Each structure stands twice: as C-alpha cells, then as structure tokens.
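Reading through the structure tokens given below for one structure.
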Amino acid sequence: MLKRNISNFDYVNFSRHPTAGRLENTGETIRITSTYKPQDMPYLENGPLGDEKYRFEFCYFHWLDKKWAKEAGLLPFELHGVFSNTRFGSYEEAARRNFGIGIIVRRHVDTEAKYTNDFYEYLVDVQNPNDVYEFEDEEAFSLFTILDLGSVYSVYIGKSTVPNAPSCNADVIWIDYDRTVEIMPQEVKYFKDLVALGDKPMMNITIPTTSPTSPIYHSVYLLDYETNVAASKSKCIGKKYNIHSKQNYLKSVKRNISNIDYMNFSRDPRAGRLENTGETIWITASYEPKDVPYLQNGPLGDEKYKFEFAYFYWTDHKLAKESGVLPFELHAVFSNTRFQSYEEAAKRNFGIVILVRRHMETASKYSNDFYEYLIDVQNPKDVYEFEQEEAFSLFMILNLGSEYNVYLGKSTVPNAVSCNTDVIWIDYDEIVEIMPRDVKYFEDLMAFGDKPMMNNTIPTTAPISVIYHSVYLLDYEINGWFIEPFEGLGITFDSGIRLGNMQWSIIITLQSQDSVKSEDSEELQMPIQKGLGSIRTTLDDIEEGIKQSKIMVNVQPNRLAPSLSVCRRQLPKRMNPFIKITLKKTADIVLYEQRSTTVLRDSEEGRLVEEDNRRYEYLTQGQGRKRICFPVETQTSVILTKTRSVNTDSIAKGNVASYVSNFEMFDTYKDLEQTTQSVDVDGRHKMQVTTYKVGGVDQFVDINKTPQFNLALMLTMRILAGNNFERAQRRFRNMIMPDPLALQVRYSYRMDLLWTFSIPLQAGDSQSITALSWCPKHGDILAASYGIFGSTATVVPQRGCVCIWNIKNPVNPERIYYFNVPVLAVEFSPFVPQLIAIGLYDGALYVYDISNIERPRIAQSQRSTSPSSEPIACIRWIPHSKSETRLHDIEPFLALARDGSITRYTLINSPYLLGYQLMKLNRVDGNAEGILLDNKPILLEANRHPQGMYIALDAQQTDVYYVLTDEGCQHKCSTNYPQQQLHVLQLHEAGINYMEFSPWSPKLYLTCGNDWCIRIWLMGIFRPLITLKYHMSPVYCATWSTVHSSIIVALHRDTVDVWDLRRSILQPASSTRIDSTAYYTTLSLSRCGRSVAVGNDKGRVEILAFEEMPFSPHFQYDHLEKTIFSILSNQKDLLRDVKSIGYFGYPKLSDCNK
C-alpha cells in the first residue's frame, strides 16, 4: 500500500434527509434507494476525484467469505454506496464508462457497544425475498446516518460488484474506509435472519473477490512524511527553477489535482507596505485575524498556509527572452499554520509555499493600479505605506489562474531563515499581461550600487522532485490511477551530500524493450555541479530512441573527483499516526454533599441536630461570623422544623377497573330522551345526528361552551381541512416554488385561487369586506372586518363582525367577534401582535386580545373622550414618541374618522381608551402644490371639513403621518404638533383611497384614487414620476410587491391587476377576476409577498397566489432605480430632477455605522 497526500472528500448534502426511501430484498442482497429534491441530492467531490462530481444512486450489501472475514476480525458483509459521475445523464451510461462509477465501502465489526443505528432495525421488514419497505419523509435517513463515514481511506481501481450491473468491464473507483462500523449483536442477528432465493441464508451468497487493477493508495498528510532527497547546504542565493524554459525544460507529469481554495484572497487589508530593500521590492500587508488570506486543498491536502509577504524575483534576461516573458516574477510566500511563526515554518520541510506569477509585455490597455506605486520606491530604502482605502487584495496583486505546476525546490527569499529545507513551489501557466508603461516602472527601479535592480539575476537549479501539472481526471485514462510521484518513471534517489568541492554525476539509465548501446549510455551522462545550478544536458537530447522507458537515477562519485564516502540521510521510522480513543461513562464522583435531615426532637438524634443548628447560627449570625471568610458558591441547608402533630398519613391512590355490561348500557340509554335530526351536508346528502337529553337538558350545549371542547374542535377542523387544502397550504407557505434552473420559463403573471374564506350570513348582517390585516408576527393569521363599503348603500346593515382566519383552517374562522353595527376598520398591532384595534360605523373603537378566548375585550372608547360619531375610516398603530415620557406599556394608535378628525388613543389601566384629538382637517382653499387642476369646481360645502379616506405612516420618521382626503389632497402631519399640518399636496383630481411607501425606498411612494389613476411620487418633487391608468373605474387599493421592486398590485371594482413597470406602464401585465358575481372591495399582501388576500362585497375573502412571475432581482434598489430612469428617459427635466436627489434608497449599513 502506497501512502499519498490526498485531500479530504467534500460530502455535499450528505446530512439532507430524502423525501422518501425504499428498502428491498432482491433475493441476492438488500438494496437501498432514496428520493431527494434536486437541490438536496448528495454528491462527492474533491479528494482523489478532483473537480468531478459523483451523485448518489443507491446502496447495497456485499457478502464476504466467512473464513476470510473471521481472520480479518470482521463480519462477513460490507455496505457499498454507489455514486455515478454527473458528466453522464444516467447511472446506466456512467456504469459503461471507465471511472464513471465510484463505490464507497463500509466494513462492519461486532462489538458490545450500546450505540445502535436505527437504520438496521428496518431489516426485520425485508427478511424474505421480494419484501419491500418504503420510508416516509419522517422515517427516511440521511447518507451520514446510513454510511457512517470516516476520514482515512484507501483508493484504488477495480471492477464492479453491483448485482446485475450494466457493465462488468469498466473500471470502478473503489474508496475503502479504514474505520469499521461497530454494531451490536442484536443487529448482527438482523443480518443472519435475511433469506435469499431458494430459502437459504442471504449471508451465504459469497461473491469471489479479484485483485485491484491499480496500486492501492492510502490517504496521509503531506507534512507527515519527507521525500528522501538530500538538502543543499549552499548559500541561499536562489534555487527557483524555470520550468517554462525550452532549454532547461523537464517533462512534467500530468496528474489529477483538485483546485486550490484561495480563502479570503478578496479581502482588503487594513494597511500595506511597499519597500525597496536594495535587492528586491518587498510587499507586506496587515489583516484582521478573520481576514488573513490562506491556501488549502489541491496538492496541499488539509494543510493551511497563511499569507506572509510577497517580493519580486529577477530572472536571467536571455532565458526570459527565449521564453517570451519579462525577466522578473512575483513570488507570494505562505507559511503553514501548524507553526507559530514564519521563522519556525521556514526551518521545516514543506513549511513554506511560494506562488509564482510570470509577466509578459502586451499592448493591452488594461493596467493594474498596483504597479503605479513602484514610482514611490524607485531608490533603495524607499518605503511607501498604504492606507486602508489604498490597500489591494491578493486577487488584485497576484491575478491568479487555474492551471499550475507543483514541485519541490529550495527557497529564493532574500535573507531567508533557512536554505536547507524543502519548499513547495506552485508555478501558474497563465502569464500576467502588463502595459509598456508598467514595464517602465520596473526598469526605473534601482538597487544598491546605483545599478538597475532588474540586473540582480540569480542562477537557477533543477527541482528536487518531479514536476506535476494539474489536469482533469476524466480527460485521460491511464492504467494505474493516481500514480505515485516518481512511480512509473522509475526514479530512485540515492541521496548524497556534496562535501567540499566534490563533483557528482547523475547517470540516467534507460530500460526499454530494445537494448541501448553503450555509446548511447555515455552520451546520457549529465554532470551537474550541485548547488551551482546549470544543467548542461536536457531530456530533449535523449527523447529519440526511447519507446518504453524506466529512468533509474543512480548517484555515483565522479571518477575525476577524489574518493570519499557517501553520507546518506535515513527516513525516520514511521509511527502509526492514528490513535483510537474510546470514551466511556465513569461512576459519579461525589465532591461535596450536604443532606437535609428531619428527626424526632425528644430523641438523641434530635439533640444532636439542635446542637448542630445552634453551632450553625453561631457561625452565621453570632460572634463566630467574625472570621476570615471566602465567598464560595454552595448550597446552604435550610432548617425546616415541624411538630409531630401536623404529620398526616399520605393518601393512597390507585386505579380500579369497573365493568359495565351491554344490558346496563341499554337500560341507561333507554331512560334518556332521544332526538334524531337530519343535517344537510352538501345539498345532495343528509346525515342523521342522534342526541340524548338527561332530564330534558341537552348536555351538548354545556359541553360546547367549555374552552377545552372548543380547542379540541378547532384542532380537529384544522386536521380535516388539511385533507382538502394541503397542496394550497404548502403553496401559501412557499414550499412549492418555481425551479430557477428550469429550461422553459414563462412569465404570464398569473394569479391562482388557493381557497376562499366565507361564513354563512343571515339577513341583516354586513356582507362587504371592509378591511383586511395580516398578523405581523404570524403570517398564517388574517383579520377580516364585515361592514358597509362605500356611502351609497340605501340600507345600513344591522350587525357587523370581525373574523380571525387561519390558513390551517380555510373553512371556519377560529375567532368571531359580533357587533351591533357594521365594522369598517381592523388593524393588528405590530408591537403586541395578539392585539387588534376595531373601528365601527358609529365611531366606536374596541381593542381585542385574540389570545384570550373567554374575555378577549381589553378596552373600548367612550363618548366623553371621543365625541365623534362618524364612521372610522382607518386605524394605524404608532410607536411611543421618544420626546415624551413613556407612561404606558402598550403603544397607542391613530383613528381617522370620516369627518376628517384624527384621534390618538392610548391603552391605560382602565376598561376604556384614553382619546385625544390630534387634528381636524379643513378644506383646502386655492391651489395646493402638486398637480394642477384645470377647472376646480367652486362648491358651497355643507361641511368645511373634508372627508378622511386613509392614513399612512412615514417610512422613516416615526412621528410623521399622512392623511388622504376626498379632495385628492395629502395632508402631512406630526404627532408632536397637534392641530397643525406641515404640508399639503394635491395628488389626485378626486378622492385618494390608498398610499404606500416602497419597501426599497423611504422616499418613493404610490397613491391611487377615484380619478382612475395610480401615481408614483418621489419626495421633494411635486410632479408624479409615473402615472398608471388603464381601467375606467376607481382604484380602491394599490400596493408594492415585497419580492420584486418593479411590480405593483392594484385593485379595481372588477379585476385585480399586476403591473410590471419594467415591462410596460401602458397596460397591466395581467388582470384577474375569480368571481364574476361579486365586486372587489379591498386587498392585502401576505407577509411573504407571494400571495394576496382579496375581499369582495359578498363577504368572501379570496386567497390568490402569484404564479409564473419574474424571479426577484438580486439588487432590488438598483433594479427599481434603473426602471425609473428608463421610464423617464424621454422626460429630460423630470429625469434631471430625480438624479439631482441622488440615492433615494434606505441608508446603507456602513452609513448607519458612521
């Protein structure tokens, strides 16, 4: 077994539970399959698989030879998990391709552990052939539970063992974990009871094994072993080897190496420093601890290398010219996080990683701003320090690529801590292209002695390992996967240390099918002077004539050199790096115990207890307390004494069964009064209901009044409603969402009916839905008020009500509150979500607590503090004012009456509300700012006060509110300035019904009114930005979508319209009408914004869901801003005014912190 550094697997989605599972006895094995959602499909990547992804297909049990398993100390079965490569469309196609299938192997061992895996218990249900057990969603197990994976494994190539596999010739990737699964003897019995075809034990179906078709590779850490290569003891003047040179090119070996993870490379440092040391340009940076860039994965495995510094390395001009690159490279130095400091890491093999970026001059206009700072460090000892705003991230400086070469070499760091340790070099293929202007910056750099720094050329030597080039696994197939470094090339190093000026020769011997002539062997001798670095002969000279070669590198003393002994460095004896630790529960260790005792007072024990109590009082309350004490947390005994006279015997309780015969039950019910009634179920069927009365009293009436029965009835109705509305409820909860990866996407802006809330109404009841309000903390609860809509009704209903609906029960409301007059307004409190404020037609207001079933009413208004008898048009809860003393816990609310009066109500410790009139509006004389009315009618108003239509709160200022009137005006008021209005705007030609701020901008709002228009306004501009007008009917309500910044939902008498400003402002994207016999009155978006509740004049509330809508933009404000600018592109003056305002979104987090 060959030990290799292989990075860990990524077990993606292995902890996700499938939607369903299946356990099947095929007669040969137990097969386990699972069904997952597309986004939850488990798959493997990284590790020996590189960038390939292998998705989970199924699991099965493989039966081993019992004799072999017993010798190995294992149970005679293994669990195999089968994964297929995602390059192929199906498992069958992948199974026919080499490396198309990966199989994970989990071996089992019988132990006395008390831990059990519940998964094995289901084997009882599939003991016989063709038995099938299907898991539900709640029972299904994740792959982590089934496979119980470890971290250390062996990987090799072999053939498939899957029963009835599509192909037996394709190579399969086997991943065999070292750690065995420990199961209990009880679980072993489940396997022994499995029966195969022919009524024989399934564990007897032994499948013979074959040898792997490749070497077996075991995963180890890179730093746990060191290659047997002699370390150079020459002065550290540069050991970097130019692998891209044609003259000194050493043929690289292609290997599948997973990608390197560049962590925090995009983070900007707090500060930076650029320094001319006289030899090179030194680059350092200072980061926050959590922002330090580091490398991991790829050839580094699980090791982490953090960034230390970067510098420029100057190469030979002639060699660089032949390679078509510039004579300098940027080297970035990273140190292993195992070591506390860079100095300690530099003294250890593989403690340092150096990234290499070559440069090439092009005519590209792109320039990296980083090179411009070289002007400030042209001369030796010049220093330039970056501020945080100027500092560059590592991605900007290094400009990394994806393909690279990795090998071992020596350090090129000027004045390095150690020159003898091995360094991991990562040299990227991509070349950084810079402008001629940037090249001039490097040419102007000066070193010590007033000479150009680019002339500080350092000679190079060959790498001390094979050069590996990163490739993809499935782009080539070789016999022997994941070849060991140096294996296949036949390279063996007899390490020698050069003593004095001794010279060595490396003789390369070729072993091929054809013999090699002796004179050819002499030509293959490549003398190298260790440490001086010039390879006189390359492999290009010996490529001809080689058909199938193994290169044996033997280090022999040069015949011309004196005969000296060869020093060899032996690898240390390897110890097992894995230690198994078993944690077991130990017996309780009593550190301190003080028991409380109760004894008879007139006994010897009682006298001892009294003496102990007196001593305790002396130490705690008497003179004994004056001593040195230390505060220690402990449990102090409490002295409880009682006399014998208060002791009573405990009451014994027990359960006693009783027997009632059928005759006794018959006689009992015969004496009762029986009543049978027929109940109409659905108009076509009737159900017989039989009730009994005791003494002429129906017991069901009393039972129905109990809170326990009502709660049980409510839960039962929820369960029954779930049978018919489960899919609609899942859609409302956004459990059924459109697939963003679907090949065909259609935007029709459709609205589908989920269900309808309706209650049976009697004669005289209010039928119109006047207001809707969603609970702000629980999006499933909706409050609906039933009253009179409009002012043209000839007959005022005698009664009204408020229903509290829950989506869990779309058939019946869970709360109903009846009133003697119609209800016009209802609003949940955003601060105390169980409170609702209710406004009636006669001007009265109530506050109810829906969590209190028996006594929900908290407070109501009274005529002394709220003399207005006009209908309540709107209610809004407001926060406590910061400028006032907070006297009450519950926040107040504002109520707008039809006579234009605004009253503030406060909940106090009283059954009545405390009302205070903030404002009573007056009609506007003359022309207000806003839109211009051509012919404003001059009417003799009977009332000088306008009719209040709606009240809206400001998006940012908690004390500012807006009142909309039937004159089409908007009155801006403040709770801090009673009986005053701050500003008046003319927004519509007729009454305004609704106003709402955009969720993405506190300055952008929309209004709709009886002039058939929807207008969008921006604060500070007295002209509407956009006017939407399509139907010739009033717009009762319009609201912004909370999931898409350019979509508006509007309500007319006959339709519900969806406008997409990005698409068109001339007509809505869709118009929907569900019930043609009813007229719409109001709407309210759900909290999630993907559904809407719409009320009509028949007392029904329709819950509609948005379907086939555009996907939400990632940057909502930017999308809204671009949409508005696009619409205003033909209105230059208005566009200039909007741009002059600048950013009109919500303040950014960084601005808030300032």
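If you're matching positions, the sequence shown starts at 1 in UniProt numbering and goes up one per residue.
Don't be surprised by glycine CBs; every beta carbon is placed ideally from N, CA and C.
Every value quoted in this text rests on a predicted model; they were computed, and no experiment measured them.
- Judged by DSSP in its simplified three-state form, Ser1112 adopts coil rather than helix or strand.
- Leu845 places its beta carbon 8 Å or farther from that of Gln834.
- Per DSSP, the continuous beta strand (DSSP E) segment holding Asp1057 begins and ends at Val1056 to Asp1060.
- Only residues of its own chain outside the window of five on either side were considered, and among them Tyr1036, Cys1037, Tyr1080 and Leu1083 have a CB closer than 6 Å to the CB of Leu1051, listed in chain order.
- Beta-bridge partners of Asp261 (DSSP): Gln296.
- DSSP places Ala952 inside the beta strand (DSSP E), whose first and last residues are Gly948 to Leu953.
- For Lys882, the closest of Ile875, Glu891 and Arg876 by C-alpha to C-alpha distance is Glu891.
- Boundaries cannot be given for Gln744, as no alpha helix (DSSP H) includes it and DSSP labels it neither H nor E.
- Arg1090 sits away from Trp774, with the two beta carbons spaced by 8 Å or more.
- As DSSP reads the structure, Arg107 sits in a beta bridge with Glu78.
- Take the alpha-carbon of Met454 and the one of Val432: they are about 18 Å apart.
- Leu894 carries a strand assignment under DSSP once its states are collapsed to helix, strand and coil.
- Tyr407 and Tyr342 do not touch by the CB rule: their CB atoms are close to 22 Å apart, not below 8 Å.
- For Ser142, the three-state secondary structure derived from DSSP is coil.
- Counting along the chain, Ser1140 sits inside no beta strand (DSSP E); it lies in the alpha helix (DSSP H) bounded by residues Lys1132 to Ile1141.
- One thing to note: Ile804 has its Cβ no nearer than 8 Å to the Cβ of Ile838.
- Counting along the chain, no beta strand (DSSP E) covers Leu987, and no H or E run does either.
- Boundaries of the alpha helix (DSSP H) harbouring Ser323: His317 to Ser323, taken from the DSSP string.
- Remark: three or more beta-carbon pairs, one from each stretch, lie closer than 8 Å, so the stretch 987-994 and the stretch 942-950 are flagged as touching.
- With a minimum length of 4 residues, the unbroken runs of alpha helix (DSSP H) contained wholly in the stretch 384-427 fall at 394-398.
- Annotation for Gly73: Val109 place their beta carbon closer than 8 Å to its own, counting only its chain and skipping 5 residues before and after.
- If you check the CB distance, Thr906 and Leu896 do not come in under 8 Å.
- The beta carbon of Pro813 lies closer than 7 Å to those of Ile759, Cys803, Ile804 and Trp805 in the same chain, with the five residues before and after it left out.
- Within its own chain, the residues whose Cβ lies closer than 8 Å to the Cβ of Arg944, once the five positions on either side in sequence are excluded, are Asn922 and Arg923, listed in chain order.
- Between the alpha carbons of Asn909 and Leu761 lies a distance of about 36 Å.
- By alpha-carbon distance to Leu824, the top candidate from Ile850, Ser785 and Ser869 is Ser785.
- Secondary structure note for Gly722: its alpha helix (DSSP H) is the uninterrupted segment Pro707 to Phe732.
- By the CB criterion at 8 Å, Leu1025 and Trp1017 fall inside the cutoff.
- Non-local beta-carbon contacts of Ile736 in its own chain, meaning distances under 7 Å to residues more than five positions away in sequence, involve Arg730 in chain order.
- In summary, Thr690 is exposed, with fewer than 16 beta-carbon neighbours lying within 10 Å of its beta-carbon over all protein chains present.
- According to the DSSP assignment, Lys972 belongs to the beta strand (DSSP E) that extends over Cys969 to Ser974.
- In the structure shown, Phe442 adopts helical secondary structure according to DSSP, grouped into three states.
- Cβ-Cβ distances below 7 Å link Phe709 to Ile703 in the same chain, with the five nearest sequence neighbours on each side left out; the list follows chain order.
- With a cut-off of 8 Å on Cβ pairs, the stretch 1123-1131 is not in contact with the stretch 977-989, counting fewer than three such pairs.
- For Ala825, DSSP records a beta bridge to Gly839.
- Less than 8 Å divides the Cβ of Arg97 from the Cβ of Ala170.
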